[in-house]
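First to last, the sequence lines map onto chains A and B. Going by the numbering used here, the letters in the first sequence line up with residues 3 to 205, in that order. Going by the numbering used here, the letters in the second sequence line up with residues 3 to 205, in that order. See structure below.
2 protein chains.
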Amino acid sequence: MPKLNPQTKEKILSAAEIVFHENGLKGARTTSIAQKAGVSRTMLHYYYRTKEELFYEVLESSFGFFLNKARKLFQAEEGLKATIEQIVDLLYDVLTEKPGLSTFIVNILSESPELIINLPPFQEEQIPTRFDKLLDEARQSGEIQADISGENLLLNIYGLCAVPYMVTPLIKFKESRTEAEMNTFLNDRKRVVKAFIWNGIQY
Amino acid sequence: MPKLNPQTKEKILSAAEIVFHENGLKGARTTSIAQKAGVSRTMLHYYYRTKEELFYEVLESSFGFFLNKARKLFQAEEGLKATIEQIVDLLYDVLTEKPGLSTFIVNILSESPELIINLPPFQEEQIPTRFDKLLDEARQSGEIQADISGENLLLNIYGLCAVPYMVTPLIKFKESRTEAEMNTFLNDRKRVVKAFIWNGIQY
DNA sequence: ATTTTATTAAACATTTTTGTTCAACAATTT
DNA sequence: AAATTGTTGAACAAAAATGTTTAATAAAAT
Chain A
3 MPKLNPQTKE
13 KILSAAEIVF
23 HENGLKGART
33 TSIAQKAGVS
43 RTMLHYYYRT
53 KEELFYEVLE
63 SSFGFFLNKA
73 RKLFQAEEGL
83 KATIEQIVDL
93 LYDVLTEKPG
103 LSTFIVNILS
113 ESPELIINLP
123 PFQEEQIPTR
133 FDKLLDEARQ
143 SGEIQADISG
153 ENLLLNIYGL
163 CAVPYMVTPL
173 IKFKESRTEA
183 EMNTFLNDRK
193 RVVKAFIWNG
203 IQY
Chain B
3 MPKLNPQTKE
13 KILSAAEIVF
23 HENGLKGART
33 TSIAQKAGVS
43 RTMLHYYYRT
53 KEELFYEVLE
63 SSFGFFLNKA
73 RKLFQAEEGL
83 KATIEQIVDL
93 LYDVLTEKPG
103 LSTFIVNILS
113 ESPELIINLP
123 PFQEEQIPTR
133 FDKLLDEARQ
143 SGEIQADISG
153 ENLLLNIYGL
163 CAVPYMVTPL
173 IKFKESRTEA
183 EMNTFLNDRK
193 RVVKAFIWNG
203 IQY
């Protein structure tokens, strides 16, 4: 009968999140995770028997993290413009907190897509449909004119928000930005992206 | 003194490209590469002594592939609108041919960014600056009004084009699309993206 | 016909990574 | 003071992956 300390378990889980986000399932090393968590590898295997077990917890919490927030957002029942702005803010918040999340998802989608496709929160997902409805309403009120599907709009929003996080080293290097300059860039870009999206669906 | 068959070398290289694109450096298995190439693992090591050596060739050819085409495009010296449309076409062409390329780049940028940052074709890259110039001209002629940097515009274009390829399994699954339906979707989306970008930089 | 060339399968050594076991040790709790 | 709890390091076993060697072979070139 094992005795567990929830704080240690949490330390391991957050270290695992970072390492898995950066390196994917196969690329991650349990040694790096233990080291980053500041515990011995013995402990890691004590709390999570296998690497796969630990990975699965990270996957669930990472993916669920975003989708849960997104779902709440749509419950607010706002109009198209407000919803877009809120979802951009949300994506930026999530990615500021977990900058490696997009890379991670993209990785897993490539290595073993079924892991994500079978996740209950993904199966239940209805965001594109919600956007279809909001787009229809906005078209009827004359607020926008563009003929774009909810699915495409969501892809656009996600692409525009996530791409700088996925290519951060390039953005940082090219202009030899410091960490602070990088944050300024990302912050400025948030405004750019919002304007770009709204203009993008006119006409 | 080893005797080599260029066709076999090529077979190994293209198989390696697919496997590395899907799984990254650490995730790829030399066994999968040899199998996909239809040769023995002995041959793989005969033509490329180590996995790293093979990986580096894939990285250079993959990244160079896109950048070389992009550079030619800017030499044509067209206006902003034509350049945007051509670069979208180019990205779609490249990604249709190598659908895993974006995932691969994003992967490497996460695992070991220096590998990409130190690539000569990347070091010499001037695309954002070219866009700055085209944007300036277009603003002066009244063609566009938006205050956006070349760097942000390039990020937008890249994000909009690459994201469907990076999340293909999600797009395919949600609407249970066949391969053919997926191609139709991507083709339709190309038009959507072009309109979205052009509208996006108005005002 | 003989040599050269490209290839393979099989066996093997090496390295890397994962997972297990266990004795020892502080810090708490009883 | 004794027992329990969470932890560690070290040693170890097992598995997975990489890289090497070699003898054999079929096809092509001489």
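Just so it is clear, CB atoms sit at the ideal spot from N, CA and C, and this is done for glycine as well.
Handout entry: Chain-ordered chain A contacts of Tyr205 (chain B) [CB-CB under 8 Å]
Key = Ala197 and Asn201
Practice task
Return the residue from the list B:Glu55, B:Thr186, B:Val169 and B:Ser112 that minimises the CA-CA distance to Leu15 (chain B).
Solution key: B:Glu55
Exercise for the section: Go to Leu121 (chain B), then tell me how far its alpha helix (DSSP H) extends in each direction, as first and last residue. Expected result: Here Leu121 (chain B) belongs to no alpha helix (DSSP H), and DSSP marks it neither H nor E.
Exercise for the section: Confirm the yes/no value for this check: CB of Thr105 (chain A), any heavy atom of the ligand COA, distance under 7 Å. Expected result: Because no ligand of any kind appears in the structure shown, any question about the ligand COA cannot be addressed here.
Practice task
Sort A:Lys174, A:Phe65, A:Thr180 and A:Gln147 by Cα distance to Glu126 (chain A) and report the nearest one.
Solution key: A:Phe65
Practice task
Would you give the residue range spanned by the alpha helix (DSSP H) that Leu209 (chain B) belongs to?
Solution key: The structure shown has nothing for residue 209 (chain B), since chain B only spans 3 to 205.
Practice task
Measure the C-alpha to C-alpha separation of Thr85 (chain B) and Arg193 (chain B) and round it to an integer number of angstroms.
Solution key: 15 Å
Exercise for the section: Along the alpha helix (DSSP H) that carries Val165 (chain A), what are the first and last residues, could you check? Expected result: Gly152 to Met168
Exercise for the section: Tell me whether Gly144 (chain A) sits in a helix, a strand or coil according to DSSP, three-state version. Expected result: coil
Practice task
My understanding is that Ile119 (chain B) touches Pro171 (chain A), with C-beta atoms under 8 Å, so please give their C-beta distance in whole angstroms.
Solution key: 6 Å
Exercise for the section: Flag this pair as yes or no: are the beta carbons of Leu82 (chain B) and Ile146 (chain B) separated by less than 8 Å? Expected result: yes
Problem - Secondary structure of Gln128 (chain A), DSSP reduced to three states - result: Coil.
Practice task
Whole angstroms is fine: what's the gap from Asp138 (chain B)'s alpha carbon to Glu19 (chain A)'s?
Solution key: 43 Å
Handout entry: Environment of Gly40 (chain A) [buried if 16+ CB atoms lie within 10 Å]
Key = exposed
Handout entry: Straight-line gap, Met184 (chain B) to Leu157 (chain A) (C-alpha atoms, nearest Å)
Key = When rounded, the distance between both Cα atoms is 14 Å.
Practice task
Could you name the residues of the segment 92-104 of chain B whose beta carbon sits closer than 9 Å to any beta carbon of chain A, in the order they occur along the chain?
Solution key: Gly102 and Ser104
Problem - Reduced DSSP category for Gln88 (chain A) - H, G, I as helix; E, B as strand; rest coil - result: helix
Handout entry: Sub-8 Å separation of Pro101 (chain B) and Tyr160 (chain B) beta-carbons
Key = no
Exercise for the section: For Asn7 (chain A), count neighbouring C-beta atoms within 10 Å of its own C-beta (all shown protein chains included) and say buried if the count is 16 or more, exposed if not. Expected result: It is exposed - the Cβ of Asn7 (chain A) has fewer than 16 other Cβ atoms within 10 Å.
Practice task
Give the secondary structure of Gly202 (chain B) by DSSP, where H, G and I count as helix, E and B as strand, and everything else as coil.
Solution key: helix
Problem - Exposure label - Ser178 (chain A); buried when at least 16 CB within 10 Å - result: The Cβ neighbour count for Ser178 (chain A), taken over all protein chains shown within 10 Å, is under 16; the residue is labelled exposed.
Exercise for the section: In angstroms with no decimal places, state the Cα-to-Cα distance between Ile203 (chain A) and Glu181 (chain B). Expected result: 28 Å
Problem - Asn7 (chain A): contacting residues in chain B (beta-carbon distance under 9 Å) - result: Simply none; closest approach about 31 Å.
Handout entry: Rounded Cβ spacing between Lys196 (chain A) and Glu80 (chain A) (contact assumed at less than 8 Å)
Key = Between Glu80 (chain A) and Lys196 (chain A) the Cβ distance is about 15 Å, and since that is not below 8 Å, they are no contact.
Problem - Straight-line Cα distance separating Asp134 (chain B) from Ala78 (chain B) - result: The straight-line gap from Cα to Cα measures roughly 16 Å.
Problem - Three-state secondary structure assigned by DSSP to Met3 (chain A) - result: Caution is warranted here: a pLDDT of 48 is assigned to Met3 (chain A), below 50, making its placement in the model unreliable, and the coordinate value is therefore given only provisionally. Looking at Met3 (chain A) - three-state DSSP - the assignment turns out to be coil, as it is neither helix nor strand.
Exercise for the section: Could you pull out every residue in the same chain whose Cβ sits closer than 6 Å to the Cβ of Lys13 (chain A), ignoring the five residues on either side in sequence? Expected result: Ala39
Problem - Partner residues on chain A for Gly26 (chain B), Cβ-Cβ distance less than 9 Å - result: Asn25, Gly26, Lys28, Gly29, Asn109, Ser112 and Glu113
Practice task
Using 10 angstroms around the beta-carbon of Gly144 (chain A), count the other beta-carbons present and answer buried if the total reaches 16, otherwise exposed.
Solution key: exposed
Problem - 8 Å Cβ cutoff, Leu121 (chain B) in contact with chain A - result: Closer than 8 Å: no.
Practice task
Quick one: list the residues of chain A neighbouring Tyr160 (chain B), beta-carbon separation under 7 Å, in chain order.
Solution key: Val165
Handout entry: C-beta contact flag for Leu111 (chain B) and Leu103 (chain B) at 8 Å
Key = No.
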